[in-house]
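Inspection log for the structure reproduced underneath, given as structure tokens.
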Amino acid sequence: MIEPYLRRFDWLVLKPVWLGLIGLACALLIRAHWLAGFAILVLALLGVGAIGASLHRERSLGGLSAGYPSRLRLAERLTSAIDHETSYRIASAVMKLGLVLAAAAVVLAIHFTLRWYFVVLLGGLVAWLGPVLLMLPLAALLRRIGPGPGNK
């Protein structure tokens, strides 16, 4: 398993989605939209947290709560090839994160009283396009490093 790829995915994809959902939940709670705010907060804390824990299966709960030893480890070189287990973990996390975002979109659509067929269409569209859009930052990083000297 290649740990630098998992760290980069965590910082480039999981953390921004987690912070965005928490920010959205706080905004909804401040505006007194209690049910939608708490639902988004539960999705942010439990949904994204479970995805992060499944991404780092070998770490204990105490190790996960401690975070990474330092941000300097994010600057370490990436190899140009990803092994099967790492790619499977990242793909699985992206698909699950797409479902969490689809659930958040459905909660918001129901909260703002959209018709049922728009809710279903929005949930399906976010579940389908969400994983593709979530992988753009990591794909841009991988394209930037490319094969070359020192990246073997």
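Residue numbers (this note's numbering): 9 to 160.
We put the beta carbon where it would ideally sit given N, CA and C, even for glycine.
Fair warning: this is a prediction, and the values are worked out from it, not measured in the lab.
Candidates the options: closest to residue i by CA position
{"i": "residue 52", "options": "34, 40, 41 and 63", "result": "34"}
{"i": "residue 11", "options": "142, 141 and 92", "result": "92"}
{"i": "residue 66", "options": "144, 56, 14 and 121", "result": "14"}
{"i": "residue 109", "options": "139, 18, 118 and 94", "result": "139"}
{"i": "residue 18", "options": "121, 122, 137 and 61", "result": "61"}
Residue i vs residue j beta-carbon contact at 9 Å
{"i": "residue 97", "j": "residue 63", "result": "yes"}
{"i": "residue 146", "j": "residue 20", "result": "yes"}
{"i": "residue 56", "j": "residue 25", "result": "yes"}
Integer-rounded CB distance, given that residue j should sit under 8 Å from residue i
{"i": "residue 142", "j": "residue 114", "result": "Actually they do not touch by this definition, with Cβ atoms about 17 Å apart."}
{"i": "residue 59", "j": "residue 105", "result": "6 Å"}
{"i": "residue 112", "j": "residue 48", "result": "6 Å"}
Rounded C-alpha distance that separates residue i from residue j
{"i": "residue 100", "j": "residue 127", "result": "25 Å"}
{"i": "residue 135", "j": "residue 22", "result": "16 Å"}
{"i": "residue 36", "j": "residue 90", "result": "40 Å"}
{"i": "residue 160", "j": "residue 149", "result": "Legend: pLDDT at residue 160 = 47, less than 50; position of this residue unreliable, value from coordinates given subsequently. Their backbone Cα atoms lie some 15 Å apart in a straight line."}
{"i": "residue 156", "j": "residue 124", "result": "Confidence at residue 156 is low in this model, with a pLDDT of 45, below 50, so its placement is unreliable and no value can be given for it."}
{"i": "residue 54", "j": "residue 137", "result": "22 Å"}
{"i": "residue 144", "j": "residue 32", "result": "22 Å"}
{"i": "residue 94", "j": "residue 107", "result": "20 Å"}
Counting pairs of beta carbons, one from the region 126-133 and one from the region 40-59, are three or more of them closer than 8 Å?
The region 126-133, when compared against the region 40-59, does not touch it at the 8 Å Cβ threshold.
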